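Engineer: Residue numbers (this note's numbering), protein chains in the order written: chain S, 12 to 599; chain R, 68 to 792. The structure follows.
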Amino acid sequence: MTENMITLTIDSETVQVPKGTTVLKAAEKLGIHIPRLCYHPKLSLEGACRICVVQVEGFSSFLTACSHEVWEGMNVQTNSPEIRQARRDIVELLLDNHPMDCQTCDRDGICELQKQAYRLGVRERLFEGKRKRFPIDDASESVVRTPEKCILCGRCIRVCKEVQGVHNLSQHGRGFETVVGPANLGKMDDSACIQCGQCINVCPTAAFLEKDHTERVWQALALPRDVKHIVVQPAPSIRAAIGECFGMPIGTPVTGKLITALRRLGFDAVFDTNFGADLTIIEEANEFLRRMSGDGPLPLLTSCSPGWVSFLEKFYPEMIPFTSTCKSPMSMLSTLSKTHYAEKKGLRPDQVYMVAIMPCVAKKFEAARPEHAMEDGTPYTDAVLTTRELAWMIKSYGIDFQNLPDGEFDRPLGISSGAADIFGATGGVMEAALRTAAVKLTGDELGPLVFEDVRGVTGLKEATVNVAGKEINIAVSNGLTNAKTILEAVKSGGKQYHLIEIMACPGGCVAGGGQPYPPFDMDVLDPQLPKLRAKALYQIDHDKQLRRSHENPAIAHLYAEFLGEPNGEKAHALLHTHYHARMPRGIK
Amino acid sequence: MANQVADFFERLKARAHAALADSGDANRIKIQIGSATCEHAAGSLEALDEFQKHIQASGRDDIIIHQTGCTGRCSKEPIVGITVPGKMPVKYERVDRALVHKIFSSHIQKGQPLAEHALDGSLDDVAELEFIFCYGRRCTTGQTLKHAFDRKLKEANLPAGRVKTSHVRCFGACSDETEGKCTHVLVNPHQVFYRIACEQDLDDMLEMHARNGEVVERLRAPEKPITQDFYQTYGDIHFFNHQNRIAMRNSGIVDPESLEEYIRFGGFQALGTVLGKNDPEWVINEVLKARLRGRGGGGFLTGKKWQMAHQQPEKTRYLICNGDEGDPGAFMDRGMLESDPFNIVEGMIIAAFAIGAQHGFYYIRAEYPLAIKRIQKALDACRAAGLLGKNIMDSGWDFDLEIRLGAGAFVCGEETALIRSIEGKRGQPKVRPPYPVVRGLWGKPTCINNVETFANISAIINYGGEWFANQGTSESGGTKVFALAGNVKETGLVEVPLGTPLSKVVFNIGGGVKDDKALKAIQTGGPAGGFIPASQADMEVDFGPLAKAGSIMGSGGMIVLSEDDCMVDLSKFYLSFTQEESCGKCTPCREGTTRMLEILEKITSGRAEMGDLDKLERLARLCQQTALCGLGRAAPNPILSSLKGFKDEFVEHIVDKKCKAKKCVALIRYQIDPETCIGCTVCARNCPVECISGQRKTAHVIDQERCVKCGQCFEVCRFDAVERV
């Protein structure tokens, strides 16, 4: 063991670390945080920003702490005057080629570049000169690319390639004119982008942001009530994360406060996407059972994650027949709001204005899909706000979120089971489906509730569940690189899978592309983040009376009153969708 | 195995010699024409065409055309050599169609060479015999013996035009055994190579050979020196005599498209030796002994690199030849690839054997079509001859090579960027370590060497590592090829032993500064190199001293600067290149070079303040210390070295707003001296912005407000009335 340990000195302190440790990690062991911008522990090494440079005895030039492994007797200085000046100058060089519109920037106060400039002491500008000029690309429904704010750290490129397997982004041009964008510097909407928004999450600045829907929501909320009836639905993951934006610890469940905040903002009805989730389970479980009985291809692939659906259509169109035709919970609830709910309220469908609060930016794209629109072309979902956008609206309105009293969802579209809450975590859809499927297959109303095998933030989980004497092979993946692995396994035909849950974002919806930026001492892809948020969801589930989707009385009532049979004709018309191959221009 | 390889090589050699003998060319008049990109550009193809027409028209079948590569004598191209059997070849310079006609009718038809067109005036002083003494570092008695021989010749009263003497920088014939004891003499055109030690030897050489034309057998050197072939052809050219041709020994004498000719000049003997011995460690050891340093600029010991690659646990290994020569003004790699491609191929095969690579790549920039064509032809010929592919030379060992083209980004000359380019990715450097020898192409151990490095390998194997080491300094063995350019009289590719003083290259080979102006500095290493001030011109050229002086060896650019050059302007020129070519990956290089260029632009346009100099230096140091790759770290070298040696000039630009060299347009002004101006109106008629006014026969005036400082008036004035101040 000891021969695998290295002893070195960092800032006159001796530290022992395992062989292969980088200087950056060794310094962390001593409690020294070496500044970094391009470095990301979950992504490959870039070594581009150079602000993590340190002085090492015996070397005339500085070494990057992120890339150099320690060696025996190494003597490192992390804060000599020379190093401090070099880091300061590097950050200034980045600022010199940056719009410097911090006060009007979406990430003011939560920007890593701004933070580094402050920490490293850039108090005057010595080298200012010309600045790169590139147009903003806001053609995509979900992601806005502002290349002038890009500092070329390459995190977006790496997350898109290494975590999501999409390879949509790369650098173009060279030198001072280098710019990150999709192939041939086309527009994002015309690229391989699957709108997952992970580029937004890892971006240290505002070079990638979600498409803003707050303005249209403010405007809708200002309309007279006889013109529009404004309905809102927050997704499960929102309640587990939005508290972070108001200084609450990660993983604090805030369902009640969230509801009150939404009411204060002026929404007429506050429904719960969870209701849609329960409904999805009914439809999907029925679809699954039908296919299990020999009527259709297996495995069944879930379809709640719009980033995954986009990935399916762009990269695996041959897998479309396997994918559940169920709309996502958001879309189901939106559809019901503008049909059943409107009818009962005596409103025309177009009088209802549906705002969805999602942890996801791909939902903005999903909402705009024609498959999710009424016959006249108006979308069922009118606006999709990310968690970040909603948090900003609450702050902007002046609502003291932390001290809000708890509110309750409106009925009937606000009633849900615990199975719906866990939709936000990777494996949650699977667990919810298994809870219902187990009951349906065994007829035993007290079937299993907790499926430990599918919990946890691991990227790819596989299990065999024995239900009513049937072996069901399941797989759960998050992060699309893992989806690729499982899809390739399905295609190669080695093992028969029955049900596969796929979520686009690493860690599931709780770590979606629209979720709050993590605090500065935590990296975006840190598995701790989805773990803590998911823990909140499992807690909510645990504390609920209703734990299975089919036990939701409002759902049963809905079928009886409006939809008819699960998977029936009406249900199919309203709650199901279809997919088609979508290739970026030029690719057949 | 040794026998099989030896047999293979003997058969190969026999076939090559037979093929050459069958052609019967030895007894014909040979017209040698340089054929390389530079020669073509200078017009060698037209000369070739004209010669072909003349031969056809004359109906003579005793004349052949022999195309060779390029010797590197750039300013005198196209070069044509005429060899009449038994006579010293005559080389002509700047041969155009008209001169071809003269050469053909006078020299070839009538046997009367044209002295006025001979290369470097080599026919101004001809003799039947030329005795060329070696002045090499180890032939310490060379100079004394030559002087003694000259004295004896004078006393001997030989007929005029019988004998002349000269010397070369080094034949490379020395060994420990001969050091300090004797010297070497090549006698042209008899192609006899002597090793002489004492007065008696001189007397014999004089009496027997000089007077009677008999070869003194007892004085013949035991081995043919590496450069003999070259100096048999070019021994009378001053430009080459101060060089030492090892890497470029065949350039300009061998037909680059003929495997047979390469074999005649000793080709593939080294590979035969290596495969016969079948011991990679022996090869690595020889290269280590040779102290061969990477000629791409970094100067890492080649043997060490090979050793590291050889020791990797991973057995799939790659070899890459870096032919992505991107420095402006550098063309030594192109020269060698075009002029002696088989030598590079042989060097690569040997390297592959040493490191245990199964596959190799030539990475050549796409802008070198002729080099690519010739390397491809060489690879095809080697494959057909059993020198590449399966079971090389019957040794049972397999290795193959293919060409990959570089798309022209300067940064792809950096090894990690080059690897990514071969992998089909964006050509950008990666953080090191891990170094390519550990994890390179497709994650496998990869050895990358420069073209010139490979060009030296066969010589090291044939003549031994120690011999090679002795050609250079105690730090680095062998020679280095430089691209000599700038304000120097003679430009071209020059190969000199490492350790040669810079001034000798400039003055002895280059003939001194153009227009005999004062030498200001020598810039080495291309755009990432630095300026060596004239006061340090005696510096020995080697990796260490250059780095110490703030420059680099780089790939070997050497630009001579005179008092006509402005250091600020030159720094700006080089930096604008690196700024333009920065890949954009790391902050200090991408942003820093842009800011430094902005400051330099401020200085050259007279808008700078003294504080800008500190900022410039601060950014330059930042880039040097924190950039990701070697290119970025070296990018500020021109600035740092000019600030070190020529800070006064910067201050002059900033404080006095003056450019002494008159290069910085914003700081100069054109005016007309009313005393000298005769009012001829030529300047006014040539001014593109019509800002010169004045009546005929009266002094003209330039409107400074509208003047764009193009300098047209200055150029066209026949009375020197336009002044540049």
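Backbone N, C-alpha and C define an ideal beta-carbon position, used for all residues, glycine too. Note that the structure is a prediction, hence the values are computed from the model and not measured.
(1) Of all the CB atoms in chain S, is at least one closer than 8 Å to the CB of C650(R)?
(2) Per DSSP, what kind of secondary structure is R166(S) in: helix, strand or coil?
(3) Can you tell me which of the three DSSP states R422(S) falls into?
(4) Note the first and the last residue of the continuous beta strand (DSSP E) segment covering T546(R).
(5) Run through DSSP, which three-state label would P180(R) get?
(6) Between the region 572-583 of chain S and chain R, which residues of the former have a C-beta closer than 7 Å to a C-beta of the latter?
(7) Mapping DSSP to helix, strand and coil, what is C388(R)?
(8) Below 7 Å CB to CB, which residues in the same chain sit around N575(R) once its five sequence neighbours on both sides are set aside?
(9) Tell me, to the nearest whole angstrom, how far the beta carbon of G429(S) is from that of I551(S); I am working on the premise that it is less than 8 Å.
(10) Tell me whether K141(S) is buried or exposed, calling it buried when 16 or more other Cβ atoms sit within 10 Å of its Cβ.
(11) Tell me which residues share the same chain as L710(R) and place their Cβ nearer than 7 Å to its Cβ, disregarding the 5 neighbours each side in the sequence.
(12) I want to verify the contact list: residues of chain R whose CB lies under 7 Å from the CB of F138(S), in sequence order.
(13) How is F282(S) classed by DSSP in three states: helix, strand or coil?
(14) Using three-state DSSP, classify N516(R) as helix, strand or coil.
(15) How many angstroms separate the CA atom of F434(S) from the CA atom of I121(S)?
(16) In terms of DSSP beta bridges, what is I769(R) paired with?
(17) With DSSP run on the structure shown, which of helix, strand or coil describes Q646(R)?
(18) Measuring straight from C-alpha to C-alpha, what distance separates E14(S) and E80(S)?
(19) Under the assumption that I330(R) contacts D296(R) (Cβ atoms under 8 Å), give the Cβ distance between them as a whole number of angstroms.
(20) Strictly under 8 Å for the Cβ-Cβ distance: is A476(R) near chain S by that measure?
(21) Less than 8 Å between CB atoms is the rule here; does I101(S) satisfy it with respect to chain R?
(22) If we call anything under 8 Å between Cβ atoms a contact, is S622(R) one with A397(R)?
(23) Tell me, please, whether the CB atom of A150(S) is closer than 8 Å to any CB atom in chain R?
(24) In whole angstroms, what is the alpha-carbon distance linking Q134(R) and N317(R)?
(25) Identify every run of the alpha helix (DSSP H) within the region 500-586 of chain S, keeping only runs that are complete inside it and at least 4 residues long; order them along the chain.
(26) I need the straight-line Cα distance from V265(S) to F299(S), nearest angstrom please.
(27) From the DSSP output, read off the bridge partner residues of Y261(R).
(28) In terms of alpha-carbon separation, which member of Y261(R), H257(R), V792(R) lies closest to T250(R)?
(29) Given a limit of 7 Å on CB to CB distance, which residues of the region 69-96 of chain S reach chain R?
(30) Locate the alpha helix (DSSP H) running through S629(R), then write down its first and last residues.
(31) Let me know the secondary structure DSSP gives A185(R) once reduced to three states.
(32) Please list the residues of the region 195-219 of chain S that have a C-beta atom closer than 8 Å to any C-beta atom in chain R, keeping them in chain order.
(33) Write down the C-beta distance between I739(R) and K776(R) rounded to the nearest angstrom, noting that I regard them as a contact closer than 8 Å.
(34) Just how far apart, CA to CA, sit G566(R) and I589(R)?
(35) Please list the partners that C653(R) has in chain S, where partner means a Cβ-to-Cβ separation under 7 Å.
(36) Please report the straight-line C-alpha distance between K291(R) and A240(R), rounded to a whole angstrom.
Structural biologist: If we stick to the structure as given:
(1) yes
(2) helix
(3) coil
(4) 546-553
(5) coil
(6) none
(7) strand
(8) H309
(9) 7 Å
(10) exposed
(11) E684, F717
(12) R662, K682, L686
(13) coil
(14) strand
(15) 28 Å
(16) I759(R)
(17) helix
(18) 16 Å
(19) No, I330(R) and D296(R) are not in contact; Cβ-Cβ is about 13 Å, not under 8 Å.
(20) yes
(21) yes
(22) yes
(23) no
(24) 13 Å
(25) 539-554, 564-569, 580-586
(26) 33 Å
(27) V252(R), R287(R)
(28) Y261(R)
(29) S72, F73, T75, S78
(30) No alpha helix (DSSP H) holds S629(R); the beta strand (DSSP E) holding it covers 624-629.
(31) strand
(32) none
(33) So it is not a contact: roughly 14 Å between Cβ atoms.
(34) 16 Å
(35) A59, R61
(36) 8 Å
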